[in-house]
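For the sequence shown, the positions run 2 to 164 when this note's numbering is used. Notes follow once the structure below has been shown.
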Amino acid sequence: MPLPDLVLRAFVPADTPAICRLYAATTRAINGQHYTSAQVERWAGFAADQEGWCTRLGRNRTIVADLNGLIVGFAELEPADEVGYVYVDAQRQGQGIGTRLMRRLLLIAAEGTATQLHADVSISAMPFFAAQGFTVVARTEPIVCGAAAPRYRMTCAVPSPPA
Ligand SMILES: CC(C)(COP(=O)(O)OP(=O)(O)OC[C@H]1O[C@@H](n2cnc3c(N)ncnc32)[C@H](O)[C@@H]1OP(=O)(O)O)[C@@H](O)C(=O)NCCC(=O)NCCS
């Protein structure tokens, strides 16, 4: 899917408000299809702590998908072999943005020593991670806001860097 103007770049602190807005809106629109409203509102509410987000995004390897100055997705590697949040704007799902972000994370991981990437993944995102080559190694059902919130532990081999 061609998005010729899409640029992947490193996070800068000024991105934080837009990322927090994207996170809250996408959580409500996409994850809201699979979890209870109380769960979704709890997770979306994390976006209020912008200072905490700025610190965490800056500490992780965070890649931002930037479309003509508009942030349409972001992905985190924390610190070398754990995938953190991978989020795409709810209005721009299914256009290949998530795939481009994940490929970039795999390239970054390949520069280090990790041989496997790991991720804790929602039901909403499990098919996407499977399409990226991740496989499920465990399924858990933590109780969140009084109801089970199924999650998957998934892993993927890091490709070897070109010789
Ligand atoms: C998961 C997410 C990042 C995927 O981003 P995206 O830009 O829509 O993904 P892509 O367009 O690159 O999709 C690539 C492939 O993944 C698969 N896929 C993506 N979403 C899917 C879904 N809901 N159901 C089934 N397959 C899906 C498809 O095979 C797709 O390929 P196709 O379009 O050729 O069929 C996005 O849906 C999202 O933001 N979800 C909410 C947040 C979330 O749960 N993040 C992950 C945990 S932190």
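Yeah, the Cβ is synthetic: ideal placement off N, Cα and C, and Gly gets one too. As the structure is a computational prediction, the values presented were derived from the model and not from experiment.
ask   = Sorry if obvious, but does the Cβ on Q40 come closer than 6 Å to a heavy atom of ligand 1?
value = Taking 6 Å as the cut-off, one finds no heavy atom of ligand 1 near enough to the beta carbon of Q40.
ask   = DSSP on F135, reduced to helix/strand/coil?
value = Here F135 carries a coil assignment [DSSP, helix/strand/coil].
query = Apart from the five residues on each side of it in sequence, which residues of its chain come closer than 6 Å, Cβ to Cβ, to T116?
reply = Same-chain partners within the cutoff: V159.
key: Cutoff 6 Å; reference C157; Cβ partners in own chain excluding five residues on either side   = Excluding five sequence positions before and after C157, the CB atoms of its chain that fall closer than 6 Å to its own CB belong to L118, G134, F135, given in chain order.
Proximity winner among A91, V84, G70, T37, relative to L106 (alpha-carbon distances) = If we check each option's Cα against that of L106, V84 comes out closest.
query = With a Cβ-Cβ cutoff of 7 Å, do F129 and M155 count as a contact?
reply = No, these two residues do not count as a Cβ contact at 7 Å.
key: Distance, A132 Cα to S125 Cα   = Rounded to whole angstroms, the gap between the alpha carbons of S125 and A132 is 13 Å.
message = Quick test of your reading: W54 and I20, contact by CB under 8 Å. State the CB separation rounded to the nearest angstrom.
response = Contact flag correct, Cβ pair sits at about 7 Å.
message = Which of the three DSSP states is assigned to C1 in this structure?
response = There is simply no residue 1 to check, as the chain begins at 2 and stops at 164 in what is shown.
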